[in-house]
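Visitor: Chains as they are written, first to last, in our numbering: chain A, 9 to 293; chain R, 9 to 293.
The beta carbon of each residue, even a glycine, is placed where N, CA and C say it ideally should be.
Protein chains: 2
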Amino acid sequence: MDLINRISSEQNQFSKSERKVAALILHEPEQAIHRSIASLAALAEVSEPTVNRFCRRLGCKGYPDFKLQLAQSLAQGTPFVNRDIEEDDNVDQITQKIFDSTLNALSIARQSLDSRPIAATVEALVGARKIAFFGFGASASVAHDAQNKFARFDTPSVFSDDPLVQRMWAINSEPHDVLVCISHTGRTKALCEIAAIAHDNKATVIGITAPNSPLSENCQLTVSTNVPEDTDQYMPMASRIAQLVLIDAIIAGYTLQRGPKFREKLARVKEGLKGSRYSKQATTK
Amino acid sequence: MDLINRISSEQNQFSKSERKVAALILHEPEQAIHRSIASLAALAEVSEPTVNRFCRRLGCKGYPDFKLQLAQSLAQGTPFVNRDIEEDDNVDQITQKIFDSTLNALSIARQSLDSRPIAATVEALVGARKIAFFGFGASASVAHDAQNKFARFDTPSVFSDDPLVQRMWAINSEPHDVLVCISHTGRTKALCEIAAIAHDNKATVIGITAPNSPLSENCQLTVSTNVPEDTDQYMPMASRIAQLVLIDAIIAGYTLQRGPKFREKLARVKEGLKGSRYSKQATTK
DNA sequence: CTTGTTTTTGTAACTTTACTACATTTAGAC
DNA sequence: GTCTAAATGTAGTAAAGTTACAAAAACAAG
Chain A
9 MDLINRISSE
19 QNQFSKSERK
29 VAALILHEPE
39 QAIHRSIASL
49 AALAEVSEPT
59 VNRFCRRLGC
69 KGYPDFKLQL
79 AQSLAQGTPF
89 VNRDIEEDDN
99 VDQITQKIFD
109 STLNALSIAR
119 QSLDSRPIAA
129 TVEALVGARK
139 IAFFGFGASA
149 SVAHDAQNKF
159 ARFDTPSVFS
169 DDPLVQRMWA
179 INSEPHDVLV
189 CISHTGRTKA
199 LCEIAAIAHD
209 NKATVIGITA
219 PNSPLSENCQ
229 LTVSTNVPED
239 TDQYMPMASR
249 IAQLVLIDAI
259 IAGYTLQRGP
269 KFREKLARVK
279 EGLKGSRYSK
289 QATTK
Chain R
9 MDLINRISSE
19 QNQFSKSERK
29 VAALILHEPE
39 QAIHRSIASL
49 AALAEVSEPT
59 VNRFCRRLGC
69 KGYPDFKLQL
79 AQSLAQGTPF
89 VNRDIEEDDN
99 VDQITQKIFD
109 STLNALSIAR
119 QSLDSRPIAA
129 TVEALVGARK
139 IAFFGFGASA
149 SVAHDAQNKF
159 ARFDTPSVFS
169 DDPLVQRMWA
179 INSEPHDVLV
189 CISHTGRTKA
199 LCEIAAIAHD
209 NKATVIGITA
219 PNSPLSENCQ
229 LTVSTNVPED
239 TDQYMPMASR
249 IAQLVLIDAI
259 IAGYTLQRGP
269 KFREKLARVK
279 EGLKGSRYSK
289 QATTK
């Protein structure tokens with residue numbers, strides 16, 4: 009991964025002073041490469057060794073090496089740079105930055121994907137008798153989306169963000185039932201409980217969540233998206249986008265695995281949806 | 009023209025010693041950027057000021073600046089490719105292709121965004137008394153997600169994918185109420201009806217949908233994502249991702265517009281959510 | 001082929017820049 | 001509150017780059 013994106017993605021690993029340096033560099037990277045360590049330190053209101061340590065933490069040999077790598081990372085004509093939103097940004101800038109950081113996060117997620125659990129998930133879903141997608145908060149809409157896709161298929165599927173409904177489903181689950189639990193952190197208590205119940209019933213519990221999290225402990229399979237820390241400090245953004253794309257990939261795999269006859273069915277479903285829409289010609293004004 | 013090409017093309021303008029330096033750099037440019045001026049001079053069997061003069065002749069401020077420019081001239085990017093999924097692709101290939109095509113679609117969407125309706129949407133939302141997010145099918149989960157974000161805010165908001173609930177809300181809507189209608193095609197009959205009702209009641213109807221569609225006719229504001237044809241022929245994929253990111257941008261704009269005090273509130277909401285999660289064990293800060 | 005002039009190159013002092021060792025402060029754990 | 005560990009800063013040192021100037025080389029004219 010290139011340096012400038014690493015700076016923004018590893019921001020949480022930095023100390024307070026180092027974060028000041030990171031913010032400054034992300035704000036005006038073109039300017040930073042022409043500064044000396046002393047002037048950069050002064051501007052960031054930290055000491056010179058702090059800047060030096062910051063460079064080392066990023067794997068550079070020292071400050072000059074850091075500048076070199078930063079310059080390369082800038083020259084790369086990076087299609088998208090991951091920079092923080094500033095207080096005085098206008099709407100256009102904000103929009104571009106949000107798109108950029110999402111693109112960046114997705115690109116990183118793509119590179120760090122492990123296809124084995126994805127393949128195993130596809131297998132499990134193809135063999136499933138019924139499928140449930142559960143999640144809370146932002147992950148609820150991800151689960152909602154996943155179920156919406158599976159509604160096109162012939163395997164019964166449900167979505168719920170209601171703990172009681174989820175619990176009932178988990179209690180009634182059996183082997184060959186699949187439960188897909190979605191949670192970015194993997195630490196949502198309620199969801200862990202549900203997963204544990206389904207697991208006890210020998211259902212296949214799949215977690216789209218963080219590895220080594222309490223939730224993943226209760227999952228037979230864990231699929232993770234290695235997304236850098238979200239841009240926005242208040243709510244999940246890029247992480248859930250990565251989850252959605254991951255689910256798209258799983259669905260694409262599922263569709264292919266089911267074979268050509270299955271895809272014929274899908275075409276019929278699509279055709280059937282037309283009745284709910286205005287046709288193209290009639291309404292064009 | 010970039011530096012390294014200039015060095016080779018202007019060789020005849022250099023003096024004898026300078027040519028030695030040029031030859032060395034053209035031979036192994038990657039190595040040169042990691043050398044000090046002294047070591048480079050020794051290697052080229054010239055003096056240090058000669059190297060310095062050489063840099064100046066190329067329009068650089070000095071040797072460090074020269075290294076920086078050389079580094080940039082060496083760097084190059086790697087774009088992602090948009091390829092269709094083949095019948096015999098394995099899961100890994102499918103996953104990569106889905107991610108690639110989503111990245112591609114997002115990147116195109118970013119470039120073709122018009123910030124004016126986005127800014128107007130932010131304005132409308134900031135001034136809203138209550139907000140509704142409606143959509144059907146795949147767009148329902150997008151609406152769901154949007155409402156989930158707004159649940160953190162102090163303006164009352166609802167999500168629904170139930171036509172009756174939507175109709176009731178629309179009938180009761182008033183000026184300063186905002187209705188956000190989400191539909192990729194903009195041709196979903198049920199949603200158009202709802203939009204028309206709310207529009208008649210002088211509510212602000214915002215469409216996240218296709219321009220010049222039946223739905224956009226009933227909207228005061230239309231925000232569009234110009235997404236290329238979806239990869240998958242059976243269900244929306246990239247289009248709804250673009251919608252979600254667009255909504256993220258709107259929310260980021262909204263959050264900023266509301267000012268610092270508002271963001272303090274958000275921090276408190278986030279803090280309050282911790283109770284629903286298992287705490288992190290002592291790993292890294 | 002000299003001698004004066006210009007250009008090129010190198011030497012050495014100087015300035016700036018970056019790094020290291022250590023002291024101080026701050027934050028966290030008990 | 002006290003102890004411990006981490007983070008940050010201070011000051012000194014080493015290294016790198018630049019400048020001024022002198023020596024050498026190249027060139028031209030007598």
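On a Cα-Cα basis, can you pick out the residue from R/Thr58, R/Asp170, R/Thr163, R/Lys138 that is closest to R/Lys24?
Guide: For R/Lys24, the nearest C-alpha among the options comes from R/Thr58.
Visitor: In chain order, what residues of the region 175-193 of chain R put their CB closer than 7 Å to some CB of chain A?
Guide: The residues in question are Thr193.
Visitor: R/Ile154 to R/Leu252, Cα distance in whole Å?
Guide: Position check: residue 154 of chain R holds Ala in this sequence, whereas Ile was assumed. So the two alpha carbons sit approximately 8 Å from each other.
Visitor: Indicate the three-state DSSP secondary structure (helix, strand or coil) for R/Gly215 in the structure shown.
Guide: The answer is strand: DSSP assigns R/Gly215 an E or B state.
Visitor: At a Cβ threshold of 8 Å, is A/Pro164 touching chain R?
Guide: No, A/Pro164 lies away from the interface with chain R (no Cβ there is under 8 Å from its Cβ).
Visitor: For a test of the three-state rule: what should DSSP assign to R/Ser165, helix, strand or coil?
Guide: Three-state DSSP puts R/Ser165 in a strand.
Visitor: Using the C-alpha atoms, what's the distance from R/Ser247 back to R/Cys227?
Guide: Computed Cα separation, rounded: 20 Å.
Visitor: What in chain A is Cβ-close to R/Gly145, meaning under 9 Å?
Guide: Within 9 Å Cβ-Cβ: Asn156, Ala159, Leu281, Ser284.
Visitor: What would DSSP say about R/Gln84, mapped onto helix, strand or coil?
Guide: Note that R/Gln84 has pLDDT 48, beneath the 50 cutoff, so the model's placement of it is unreliable and the number below is only indicative. Coil.
Visitor: Verify the CB distance criterion: does A/Pro37 have a CB-CB separation below 8 Å to chain R?
Guide: So, not an interface residue.
Visitor: Hey, A/Arg61 and R/Arg285 are a contact pair by Cβ (cut 8 Å); roughly how many whole angstroms apart?
Guide: A/Arg61 to R/Arg285, Cβ: 32 Å. No contact.
Visitor: Roughly how far, in whole angstroms, is the beta-carbon of R/Lys197 from the beta-carbon of R/Thr163, given that I think they are within contact range, below 8 Å?
Guide: Not really, about 29 Å apart at Cβ, beyond 8 Å.
Visitor: Considering only their Cβ atoms, is the gap separating A/Ser224 from A/Thr233 smaller than 8 Å?
Guide: Cβ atoms of A/Thr233 and A/Ser224: not closer than 8 Å.
Visitor: Which residue wins for smallest C-alpha separation from R/Arg124, given the options A/Ile102, A/Ala257, A/Asp208, A/Ser120?
Guide: Considering only alpha carbons, the answer is A/Ile102.
Visitor: Which whole-angstrom value is the C-beta distance of A/Phe167 and A/Ala151, which I expect to be below 8 Å?
Guide: Confirmed, about 5 Å.
Visitor: Which residues in chain A sit within 7 Å of R/Ile126, going by Cβ to Cβ distance?
Guide: Per Cβ cutoff of 7 Å: Val99, Thr103.
Visitor: Measuring CA to CA, which of A/Leu274, A/Lys269, A/Leu264, A/Ser287 is closest to R/Asp96?
Guide: Checked all of A/Leu274, A/Lys269, A/Leu264, A/Ser287; the closest Cα to R/Asp96 is A/Leu264.
Visitor: Sort R/Leu172, R/Ser181, R/Met243, R/Lys278 by Cα distance to A/Gly280 and report the nearest one.
Guide: Minimum Cα distance to A/Gly280 is reached at R/Met243.
Visitor: Could you pull the start and end residues of the beta strand (DSSP E) that A/Lys138 belongs to?
Guide: It spans 138-143 - the beta strand (DSSP E) in which A/Lys138 sits, taken as one unbroken run.
Visitor: Under 8 Å between C-beta atoms, does R/His207 make it to chain A?
Guide: No, its Cβ sits nowhere closer than 8 Å to a Cβ of chain A.
Visitor: Do A/Lys69 and A/Ile41 count as a contact pair if the criterion is CB distance below 8 Å?
Guide: In this structure, A/Lys69 does not lie closer than 8 Å to A/Ile41 by Cβ.
Visitor: Opposite R/Ile179 in the DSSP bridges: which residues?
Guide: R/Ile179 pairs with nothing; no bridge assigned.
Visitor: Would you report the Cα separation of R/Gln84 and R/Leu111, rounded to the nearest angstrom?
Guide: Unreliable positioning characterises R/Gln84 in this predicted model, as indicated by a pLDDT of 48, which lies under 50. The coordinate reading is nonetheless provided below. Rounded to whole angstroms, R/Gln84 to R/Leu111 spans 19 Å at the Cα level.
Visitor: Strictly under 8 Å for the Cβ-Cβ distance: is R/Ile116 near chain A by that measure?
Guide: So no, R/Ile116 is outside the interface.
Visitor: Run through DSSP, which three-state label would R/Asp208 get?
Guide: If DSSP states are grouped into helix, strand and coil, R/Asp208 belongs with the helices.
Visitor: Per DSSP, what kind of secondary structure is R/Val186 in: helix, strand or coil?
Guide: Strand.
Visitor: For the alpha helix (DSSP H) containing A/Thr304, name the first residue and the last one.
Guide: The first residue shown for chain A is 9 and the last is 293, placing residue 304 of chain A beyond what the model contains.
Visitor: Residues of chain A with CB under 8 Å from R/Lys197, in chain order?
Guide: The contacting residues are Ser284, Arg285, Tyr286.
Visitor: What do you reckon, are the CB atoms on A/Leu48 and A/Leu11 nearer than 8 Å?
Guide: Contact flag unset, no.
Visitor: Tell me which residues share the same chain as R/Ala206 and place their Cβ nearer than 7 Å to its Cβ, disregarding the 5 neighbours each side in the sequence.
Guide: The residues are Ala178, Ser181, Leu187, Val213.
Visitor: Which chain R residues are close to A/Phe142, counting only those with a beta carbon under 9 Å from its beta carbon?
Guide: Here the premise fails: no neighbours, minimum Cβ distance about 14 Å.
Visitor: Compare the Cα-Cα distances from R/Ser44 to each of R/Glu36, R/Glu56, R/His35, R/Gly283 and report the closest residue.
Guide: It is R/Glu56 whose Cα lies nearest to the Cα of R/Ser44.
Visitor: Count the other C-beta atoms from every protein chain shown that fall within 10 angstroms of the C-beta of R/Asp208, then say buried if there are 16 or more, exposed otherwise.
Guide: With fewer than 16 other Cβ atoms within 10 Å, it is exposed.
Visitor: If you follow the alpha helix (DSSP H) that A/Leu229 is part of, which residue opens it and which one closes it?
Guide: Here A/Leu229 belongs to no alpha helix (DSSP H); instead the beta strand (DSSP E) covers 229-231.
Visitor: Under 8 Å, Cβ to Cβ, is there at least one residue of chain R near A/Asp170?
Guide: No - not a single Cβ of chain R is within 8 Å of the one on A/Asp170.
Visitor: Measuring CA to CA, which of R/Lys105, R/Asp100, R/Pro37 is closest to R/Ala79?
Guide: Checked all of R/Lys105, R/Asp100, R/Pro37; the closest Cα to R/Ala79 is R/Pro37.
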